[in-house]
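Residue numbers (the working numbering): 9 to 177.
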Amino acid sequence: MQSGARQVIVSVAYAVIGLVLIIRPGLTASVLCGGIGVCALIFGAARLIMYFTRRGEYGGGELAVGIALAAVGLLCLAAPRLVMSVLPLVLGVVLVIDGAGKFSRGLELRKLGYTHWYLTLLLALCLLIVGLTLVINPFGMVETAVTFFGICLLLDGAADIALLLFGGR
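This is the structure in structure tokens:
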């Protein structure tokens with residue numbers, strides 16, 4: 009698959025996920041927490057089984073990772089409200105990382121001579137502001153953070169699609 013087509017698919021996925029997060033933030037957060045819990049528990053159990061059945065092949069690191077993953081899984085399933093209270097902080101970090109990448113991409117597009125490079129830079133600044141706000145004050149409402157994250161993903165995906173399809177040099 010070509011790089012441009014792959015980027016369009018990723019951008020559409022961002023936009024769709026963003027819409028789901030906007031429309032059903034509470035349900036999405038609960039499902040996400042449960043899904044992460046189940047996956048972490050399964051991967052943790054698998055690592056523990058591998059460690060105990062093949063002791064000679066795996067070191068103590070495998071045991072530690074297995075215990076940590078199983079603990080995270082159990083925490084997500086047993087105390088989803090606690091996990092969801094930390095979710096805004098995690099989402100904020102994700103937005104800051106994505107915003108920093110977009111900022112760099114915007115500067116690169118400027119160097120390459122794209123006419124609408126500043127749109128990517130503007131989006132990056134929005135992502136950075138929202139992300140930093142969530143990192144600085146993570147203990148607000150979880151649904152609000154999920155909705156903001158959804159809006160950012162939707163705008164991020166839409167902007168990338170517009171840039172890829174209509175950006176021009």
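Using N, Cα and C, we set each Cβ at its ideal position, and we do this for glycine too.
Given a cut-off of 8 Å on the beta-carbon distance, is the pair residue i and residue j in contact?
{"i": "F157", "j": "L103", "result": "yes"}
{"i": "V143", "j": "G100", "result": "yes"}
{"i": "P96", "j": "P146", "result": "yes"}
{"i": "W125", "j": "G114", "result": "yes"}
{"i": "G165", "j": "V20", "result": "yes"}
{"i": "G74", "j": "G52", "result": "yes"}
{"i": "L127", "j": "L163", "result": "no"}
{"i": "A78", "j": "L49", "result": "yes"}
Please classify residue i: does DSSP put it in a helix, a strand, or coil?
{"i": "G121", "result": "coil"}
{"i": "P146", "result": "coil"}
{"i": "A79", "result": "helix"}
{"i": "R62", "result": "coil"}
{"i": "A86", "result": "helix"}
{"i": "R32", "result": "coil"}
From the beta carbon of residue i, is the nearest beta carbon of chain B less than 8 Å away?
{"i": "R118", "result": "Reference to chain B is not applicable here, since this structure consists of a single protein chain."}
Ordered along the chain, which non-local residues of its own chain (more than five positions away) have a Cβ less than 6 Å from that of residue i?
{"i": "F111", "result": "A132"}
{"i": "I31", "result": "none"}
Leaving out five residues on either side along the sequence, give the residues of the same chain with a beta carbon under 8 Å from the beta carbon of residue i.
{"i": "I169", "result": "V16, S19, V20 and A23"}
Give me, in chain order, the residues of the same chain whose beta-carbon lies closer than 7 Å to that of residue i; leave out the 5 immediate sequence neighbours on both sides.
{"i": "S38", "result": "P88"}
{"i": "V138", "result": "L103, F156 and C160"}
{"i": "T36", "result": "V28, L29 and V154"}
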